[in-house]
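2 protein chains.
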Amino acid sequence: MPLPALRSALTALALLAIAVPAPVTASAQPAKRPTSKEVLDSSPPADWRQPVPENTLYLDLPAGRVVIELAPGFAPIHVDNMRKLAREHWYDGTFIVRVQDNYVTQWGQPEETPKPMKTALEKLAPEFTVRGGAKSLPFTRLPDPDAYAAEVGISDIFPAARDAKTGEAWMAHCYGIVGVGRGMPLDSGSGAELYTVIGHSPRALDRVITLVGRVLSGMDHLTALPRGTGPLGFYEKVEQRVPVQQVRLAADVPEAEREKIEVLSGQSPTYQRWLDARRFRQDDFFIRAAGHIDLCNAMPPVRAKQG
Amino acid sequence: MPLPALRSALTALALLAIAVPAPVTASAQPAKRPTSKEVLDSSPPADWRQPVPENTLYLDLPAGRVVIELAPGFAPIHVDNMRKLAREHWYDGTFIVRVQDNYVTQWGQPEETPKPMKTALEKLAPEFTVRGGAKSLPFTRLPDPDAYAAEVGISDIFPAARDAKTGEAWMAHCYGIVGVGRGMPLDSGSGAELYTVIGHSPRALDRVITLVGRVLSGMDHLTALPRGTGPLGFYEKVEQRVPVQQVRLAADVPEAEREKIEVLSGQSPTYQRWLDARRFRQDDFFIRAAGHIDLCNAMPPVRAKQG
Chain A
1483 MPLPALRSAL TALALLAIAV PAPVTASAQP AKRPTSKEVL DSSPPADWRQ PVPENTLYLD
1543 LPAGRVVIEL APGFAPIHVD NMRKLAREHW YDGTFIVRVQ DNYVTQWGQP EETPKPMKTA
1603 LEKLAPEFTV RGGAKSLPFT RLPDPDAYAA EVGISDIFPA ARDAKTGEAW MAHCYGIVGV
1663 GRGMPLDSGS GAELYTVIGH SPRALDRVIT LVGRVLSGMD HLTALPRGTG PLGFYEKVEQ
1723 RVPVQQVRLA ADVPEAEREK IEVLSGQSPT YQRWLDARRF RQDDFFIRAA GHIDLCNAMP
1783 PVRAKQG
Chain B
1483 MPLPALRSAL TALALLAIAV PAPVTASAQP AKRPTSKEVL DSSPPADWRQ PVPENTLYLD
1543 LPAGRVVIEL APGFAPIHVD NMRKLAREHW YDGTFIVRVQ DNYVTQWGQP EETPKPMKTA
1603 LEKLAPEFTV RGGAKSLPFT RLPDPDAYAA EVGISDIFPA ARDAKTGEAW MAHCYGIVGV
1663 GRGMPLDSGS GAELYTVIGH SPRALDRVIT LVGRVLSGMD HLTALPRGTG PLGFYEKVEQ
1723 RVPVQQVRLA ADVPEAEREK IEVLSGQSPT YQRWLDARRF RQDDFFIRAA GHIDLCNAMP
1783 PVRAKQG
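Those protein sequence lines, which keep their order, are chains A and B. Numbering-wise, the numbering used here comes out as the position in the first sequence, counting from 1, plus 1482. Numbering-wise, the numbering used here comes out as the position in the second sequence, counting from 1, plus 1482.
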């Protein structure tokens, strides 16, 4: 879409995300950093990867499909259980039951009609952190300070934090990250009841709940919903609930029918260049480059599969 | 709503925001810190204030009312112009034209039908920072590090940052903060085209755009909207736009008809106690208190006016 003349402030804000190509020049003028768009446009295909079919859930709602990539590196027990739940079609016919503004959208089986599991387990040991994860998990550390953790960075495609002293690593509650609802008992979550973050990232929940994955596409189907008017954003009337039509593991969908998206690897050279471009924006609109970025603004980008 | 037995993980996540009263005891057991709810419930009325009528806009949408408190301390020129726009009823009949997921909802006059102003000005000098604001504006500094600024804190009821070296202070792009759309020219904003943050806080926009206020209630009317499918989340079809029915300054509404809400002052003793309770949560669900809080999770709470 070509940009019209820049007289309207309306058009103007639109510019926020439009990259202005940097001049390619051999003159004495100092070269501008590339924009984040330029970095991505010139990136090698090898720096991107498709969602791993065995780790990817398709959550089908009336409004469309949500694609969630699970993270067995952070929560192997829960991811395994969620594969079982998907394969026994446990999720089909459940509902979105809660939408709390600036917090979470939550889905699962309404408590007044419990639903038995066939192959999956009702209770799992918590996976709030990964012991030894500070060494064993990939990690591209971010340079800027974080309010909640001494070290934050990207592990594969997931926002994460780690503690060099204890050796633990954990996923962080960023926008679009998926977590496991639980009760007071630490083992009361199973991956049957899930939520995703729909507002400013509530990082105080880190290490208190098992996080299992990240929404890669279709996030708007979970955010553009009426907020619940009951306590904590639960829908008060049964008819307000949004049906979960079906949930399938991508591995169980014929390859030709899988979603054609790819994610930039957080361990790739392109990610480092993209991060640099995001920290020091060269768009003309950004008269002052922040020079910084926080974890939840630094999640590796997703795009339609190229080529 | 009394809580049912805690067997369901669904009910369980609900517990996240429910305060468990701390034991009041004279025994040898170390006293728990009060919860944030306890802090608020026991707070003196003087630590709260109502929105200032001359600074408060009522934005009426088909779904309901959004209450925005403007911040003349940060953007006096823009706030003055917005009062004029409201008083000449300029905003009435404009539209929400853009909803970009995890970014902004934006409203104003569609660019194809420009609308002249009577008393307000079309262009204003930018107010990206307040010179001398580091000394002149109230500021309760937060203890945890921030990725974007050396010092962050709460100024009155607004999230803010400051630079001791330059003496500047500025409002920060947190969830629900309201900004002024502009074009490339720095003086091209007027307060006619506005947006609010609806996702993880895009702090890279700080000091690049004039921020004018904060949504105090009705935020869900701006977030639970279909995302635009055009570039940058603009609605592609005219009929998708959401009409702004009218915008009035609270001062121009009879006192009896004003919204009955109040906000905790960021400079009050209660705010400090609330902040402490939020940093070290005592809810039983939070098996590990974060011990930290970031700026955009630390905005002073709003509640229905008491008494």
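Heads up, the beta-carbon is just placed ideally off N, CA and C, and yes, glycines get one too. All of these numbers come straight from a predicted model, not from anything done at the bench.
Legend entry - Stretch pair the segment 1683 to 1699 of chain B + the segment 1767 to 1777 of chain A: three plus CB contacts closer than 8 Å: Taking one beta carbon from each stretch, the segment 1683 to 1699 of chain B and the segment 1767 to 1777 of chain A have 3 or more pairs nearer than 8 Å; the two touch.
Inset, instruction - Output the distance between the C-alpha atoms of A/Glu-1551 and A/His-1560, rounded to the nearest integer angstrom. - result: Between A/Glu-1551 and A/His-1560, the C-alpha separation is close to 13 Å.
Inset, instruction - Leaving aside the five residues before and after A/Gly-1649 along the sequence, list all residues of the same chain whose C-beta is less than 6 Å from its C-beta, in chain order. - result: Same-chain partners within the cutoff: Gly-1614, Ala-1616.
Inset, instruction - Answer yes or no: do A/His-1682 and B/Cys-1778 have a C-beta to C-beta separation smaller than 7 Å? - result: For A/His-1682 and B/Cys-1778, yes; Cβs fall inside 7 Å.
Legend entry - Contacting residues, own chain, Cβ-Cβ under 8 Å from A/His-1703 (five flanking each side not counted): Excluding sequence neighbours, A/His-1703 sits near Leu-1543, Ala-1545, Gly-1546, Arg-1547, Val-1548.
Legend entry - CA-to-CA distance, A/Phe-1768 to A/Gly-1575, given in whole angstroms: A straight line joining the alpha-carbon of A/Gly-1575 with that of A/Phe-1768 spans about 47 Å.
Legend entry - Sub-7 Å separation of A/Ala-1553 and A/Phe-1640 beta-carbons: Taking a C-beta distance under 7 Å as the contact criterion, A/Ala-1553 and A/Phe-1640 qualify as a contact pair.
Legend entry - Simplified DSSP state of A/Met-1653, which is helix, strand or coil: When DSSP states are grouped into helix, strand and coil, A/Met-1653 belongs to the strand group.
Inset, instruction - Assign B/Gly-1748 to one of two classes, buried (16 or more other C-beta atoms within 10 Å of its C-beta) or exposed (fewer than that). - result: In the assembly as shown, B/Gly-1748 is a buried residue. Its beta-carbon has 16 or more other beta-carbons within 10 Å.
Inset, instruction - Output, in chain order, the set of chain A residues within a Cβ distance shorter than 7 Å of B/Tyr-1657. - result: Within 7 Å Cβ-Cβ: Asn-1584, Gly-1681, His-1682.
Legend entry - Complete runs of the beta strand (DSSP E) confined to the segment 1546 to 1607 of chain B [at least 3 residues]: The segment 1546 to 1607 of chain B contains these whole beta strand (DSSP E) runs: 1546 to 1552, 1577 to 1582, 1586 to 1590.
Inset, instruction - Compile a chain-ordered list of the residues in the segment 1743 to 1770 of chain B whose CB is closer than 9 Å to at least one CB of chain A. - result: Correct list: Arg-1760, Arg-1761, Arg-1763, Asp-1766, Phe-1767, Phe-1768, Ile-1769, Arg-1770.
Inset, instruction - Could you check what DSSP says for B/Val-1745 in three-state terms: helix, strand or coil? - result: In the structure shown, the three-state DSSP call for B/Val-1745 is strand.
Legend entry - Reference A/Val-1694; option with closest CA among A/Gly-1712, A/Pro-1708, A/Arg-1709, A/Gly-1673: Answer by Cα proximity: A/Gly-1673.
Legend entry - Three-state class that DSSP yields for B/Gln-1788 in the structure shown: B/Gln-1788: coil per DSSP, three-state reduction.
Inset, instruction - For chain B, find out if any of its Cβ atoms is closer than 7 Å to the Cβ of A/Thr-1705; answer yes or no. - result: Yes, its Cβ sits closer than 7 Å to a Cβ of chain B.
Inset, instruction - Verify the CB distance criterion: does A/Val-1784 have a CB-CB separation below 7 Å to chain B? - result: Taking 7 Å as the CB threshold, A/Val-1784 stays off the interface with chain B.
Legend entry - Per-residue contacts from A/Arg-1547 into chain B (C-beta, under 7 Å): Correct list: empty, because the minimum Cβ distance to chain B is about 15 Å.
Legend entry - Supposed contact pair A/Arg-1580 and A/Gly-1715 - C-beta distance, whole angstroms, cut 8 Å: Contact between A/Gly-1715 and A/Arg-1580 holds, with the beta-carbon distance rounding to 5 Å and staying under 8 Å.
Legend entry - Three-way DSSP call (helix, strand, coil) for A/Asp-1702 in this model: Three-state DSSP puts A/Asp-1702 in a helix.
Inset, instruction - Tell me, please, whether the CB atom of B/Val-1690 is closer than 7 Å to any CB atom in chain A? - result: Judged by the 7 Å Cβ criterion, B/Val-1690 is in contact with chain A.
Legend entry - For B/Lys-1566 and B/Ala-1607, the rounded distance between their alpha carbons: Approximately 16 Å, taken between the alpha carbons.
Inset, instruction - Look at the Cβ atom of B/Leu-1757, then the Cβ atom of B/Pro-1782, and state whether they are nearer than 7 Å. - result: Result no, Cβ atoms of B/Leu-1757 and B/Pro-1782 do not sit closer than 7 Å.
Legend entry - is_contact[B/Met-1599, chain A] using C-beta, thresh 7 Å: No - not a single Cβ of chain A is within 7 Å of the one on B/Met-1599.
Legend entry - Pick from B/Ala-1738, B/Ile-1578, B/Ser-1750 that is closest to B/Thr-1705, judged by C-alpha positions: For B/Thr-1705, the nearest C-alpha among the options comes from B/Ile-1578.
Legend entry - Simplified DSSP state of B/Thr-1480, which is helix, strand or coil: Here chain B comprises residues numbered 1483 to 1789, so residue 1480 of chain B is not present and cannot be evaluated.
Inset, instruction - Would you tell me roughly how many angstroms separate the C-alpha atoms of B/Phe-1621 and B/Pro-1527, rounded to the nearest one? - result: Between the alpha carbons of B/Phe-1621 and B/Pro-1527 lies a gap of roughly 21 Å.
Inset, instruction - Give a yes or no on whether 7 Å exceeds the smallest Cβ distance from B/His-1560 to chain A. - result: So no, B/His-1560 is outside the interface.
Legend entry - Within-7 Å CB hit, A/Asp-1776 to chain B: So, interface residue.
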